[in-house]
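Undergrad: Mind having a look at this structure? Questions to follow.
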Amino acid sequence: MRNILKKLFLLVAIILTTGCSTTETKVITEYPTLKEEAPQPEPPKPEPKKPEHYSVSISAIGDILIHSSVYKDAAIGNNRYDFSKMFNHVKPYLENTDLTFANSESIVGGQGIGLSDYPAFNSPFEVGNVLKDIGVDVVSMANNHTLDRGEKAIISATKHWNNLGITYVGAATSQEEAEEIKILTANGISFAFLAYTYGTNGIVPPEGKDYLVNYIDEEKLITDIQSAKKLADVVILSLHIGNEYERKINAYQEKIAQLASDNGADIIFAHHPHVLQPVKWYEGMNGNKTFVIHSLGNFLSGQDKLYRQIGAVLQLEVSKTITYDIEGNATSSIEVTNPSLLPTYVKFSNWRNYEIIPLKQVSKEVLPNQEHLYEEIKSYMSQYVPELMFIED
């Protein structure tokens, strides 16, 4: 049995040895073909959000200075007054804009503290009522007559403006209110309103109550404008400044306008000279542009010299564009465009029958040189801004 197993083992070993020596080694030179995958398209890049566009129309008028002849003409008995007929001809030019500004030159303290004329004005509450009726949204109370009748008149006037829903700027009844920046929003654009006066006819606020009226102080002006820029899209400045009855802009007016522009003010409505002064663009230190009308003139008053009877409705367009990048970050830009002017004339006879009429519509019986005067006003007001348009319909 052992011999048989031994022989079998030997036979297997010979077969294995022989197989290893005679088998050819094959080298694999071809590989199986791998199926190529189709290239995957890149995911589409997100498109930036479409730009957004907003627009607001603004109108501004100058001095509402209610002499006794004006409020006596508006008297309807029982210590009541109606000024509406005086504004009928110009109302359509004011109520058709989104925001309207006026300078409340004589304080509207109401009948309760006694009406009064120059040099210490106090006007009937109905002056505020008619301004509300014609579409006024904002009034400046900062002028040389703010303190004419003291703190009580300011408190009475501010209460009436609040009751009417009209925003007032330039005067306040507390320190907290004086530090507040008044902001109005229309059609997606926010507007900050600031107002200041050169002085108050030598009358000073009571001790500890400097907040009653805003004076032009360069450091405060800079601080307020810069603060307002952080809170609103547009900063509108109201300035009571310049020399009375002078039609030319003086160096101080230009200095303050440039200072305001350098710090980011977008629009300046100025008043005090009681006559019209030209419009002008100022370029700020950052390349921004500021539109200024250096005096809006008298809109309604009892003054009787020719150029003191000529005022204007100023209209502007303010547009806001918001653009977006791919990440969705927004950039906002503001543009003031289309300045337009409607020269006006305060018509009256024997200190009665006061009416504000577009200058172009005044008859030759009232103003024999009306056509020449109208063209002269157009030329004078547009001397620095040739693109200034005039409303003639």
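With mature numbering (1 follows the signal peptide of the UniProt record, and there is no 0) as the guide, the letters of the sequence shown map in order to residues -23 to -1, 1 to 370. Backbone N, C-alpha and C define an ideal beta-carbon position, used for all residues, glycine too.
With DSSP collapsed to three states, give me the class of N139.
TA: Three-state DSSP puts N139 in a helix.
Undergrad: Buried or exposed: where does L336 fall if 16 or more other Cβ atoms within 10 Å of its Cβ makes it buried?
TA: With 16 or more Cβ atoms within 10 Å of its Cβ, L336 is classed as buried.
Undergrad: Could you tell me which of L71, G147, I132 sits nearest to Q292, measuring between CA atoms?
TA: Answer by Cα proximity: L71.
Undergrad: Between the Cα of F276 and those of K186, Y188, Y331, spot the shortest distance and give me the residue it belongs to.
TA: Comparing Cα-Cα distances from F276 to each of K186, Y188, Y331, the minimum goes to Y331.
Undergrad: Span of the alpha helix (DSSP H) holding Q338?
TA: Counting along the chain, Q338 falls outside any alpha helix (DSSP H), and DSSP gives it neither H nor E.
Undergrad: Starting from M366, follow its DSSP beta bridges and name the residues at the other end.
TA: Answer is S317, bridged to M366.
Undergrad: Within its chain, find whatever has a CB closer than 6 Å to the CB of K159; leave out the 5 residues flanking it on each side and keep chain order.
TA: Within the same chain, K159 has close Cβ partners T144, V146, F170.
Undergrad: Residues in its own chain within less than 6 Å of E223 by CB, not counting five upstream and five downstream?
TA: Hits under 6 Å: P250.
Undergrad: Can you grab the Cα-Cα spacing for the pair T177 / S100, in whole Å?
TA: So the alpha carbons of these two residues sit roughly 17 Å apart.
Undergrad: Can you list, in chain order, the residues of its chain whose CB lies under 7 Å from that of D59, leaving out five sequence neighbours each side?
TA: The residues are A51, I53, E103.
Undergrad: Using 10 angstroms around the beta-carbon of residue 371, count the other beta-carbons present and answer buried if the total reaches 16, otherwise exposed.
TA: Residue 371 lies beyond the residue range present for the chain, which begins at -23 and ends at 370; the question has no answer from this structure.
Undergrad: Leaving out five residues on either side along the sequence, give the residues of the same chain with a beta carbon under 6 Å from the beta carbon of S238.
TA: The answer, listed in chain order, is Y259, G261, T267.
Undergrad: Please report the straight-line C-alpha distance between I311 and Y31, rounded to a whole angstrom.
TA: Each residue's Cα considered, the two are about 10 Å apart.
Undergrad: To the nearest angstrom, how far is the alpha carbon of V313 from that of V295?
TA: Each residue's alpha carbon lies about 5 Å from the other.
Undergrad: Taking one C-beta from the region 26 to 43 and one from the region 272 to 290 each time, how about it: are there three or more such pairs within less than 8 Å?
TA: Yes, they touch.
Undergrad: Per DSSP, what are the beta-bridge partners of R57 in this structure?
TA: The partner list for R57 (beta bridge, DSSP) reads G54.
Undergrad: Name the one or two DSSP bridge partners that A79 has.
TA: Per DSSP, I38, V116.
Undergrad: Just verifying my parser: in three-state terms, what is the DSSP assignment at S356?
TA: Residue state, collapsed to three classes: helix.
Undergrad: Counting C-beta neighbours from all protein chains within 10 Å, is the total for A307 16 or more, i.e. buried, or is it exposed?
TA: So A307 counts as exposed.
Undergrad: Taking just the CA atoms, how far does T162 sit from W138?
TA: Cα-Cα distance, rounded: 18 Å.
Undergrad: Give me the Cα-Cα distance between S34 and L198, rounded to the nearest whole angstrom.
TA: Rounded to the nearest angstrom, the two C-alpha atoms are 26 Å apart.
Undergrad: So, helix, strand or coil for T200, using DSSP?
TA: DSSP places T200 in helix when its eight states are reduced to three.
Undergrad: Just to confirm before moving on: does the CB-CB distance between K109 and L141 stay below 8 Å?
TA: In this structure, L141 lies closer than 8 Å to K109 by Cβ.
Undergrad: Which runs of the beta strand (DSSP E) at least 3 residues long sit entirely within the region 279 to 313? Give them in chain order.
TA: Listed in chain order, the complete beta strand (DSSP E) runs (minimum 3 residues) inside the region 279 to 313 are 287 to 301.
Undergrad: How close, in whole Å, do the beta carbons of D117 and S81 come, if the pair is a contact with beta carbons under 8 Å?
TA: Per the sequence presented here, residue 117 reads as Ser, with Asp not at that position. With 8 Å as the limit, S117 and S81 qualify as a contact, their Cβ atoms being about 7 Å apart.
Undergrad: Roughly how many whole angstroms lie between the Cα atoms of L216 and E348?
TA: Going from the Cα of L216 to the Cα of E348 covers about 31 Å.
Undergrad: Look up T144 in the DSSP assignment and give the residues it is bridged to.
TA: Paired residues: V115.
Undergrad: Considering Cα atoms alone, identify which of W328, M366, E195 is closest to L319.
TA: That would be M366, whose Cα lies nearest to the Cα of L319.
Undergrad: For the beta strand (DSSP E) that K257 lies in, which residues bound it at each end?
TA: First-last of the beta strand (DSSP E) with K257: 253 to 260.
Undergrad: Excluding five sequence neighbours on each side, which residues of the same chain lie with their C-beta closer than 6 Å to the C-beta of I5?
TA: Because the pLDDT of I5 is 46, which lies under 50, any placement of that residue in the model is unreliable, and the number read from its coordinates should be weighed accordingly. Nothing listed; no residue qualifies.
Undergrad: Assuming Y95 is part of the beta strand (DSSP E), what are its boundary residues?
TA: Taken as a continuous stretch (DSSP letters only), Y95 belongs to no beta strand (DSSP E), as it is neither H nor E.
Undergrad: Assign G274 to one of three DSSP states: helix, strand, or coil.
TA: Reduced to three states, the DSSP call for G274 is strand.
Undergrad: Use the C-beta contact count for Q254: other C-beta atoms within 10 angstroms, 16 or more gives buried, fewer gives exposed.
TA: When all chains shown are included, Q254 counts as buried.
Undergrad: When DSSP builds the beta bridges, which residues end up paired with S32?
TA: S296.
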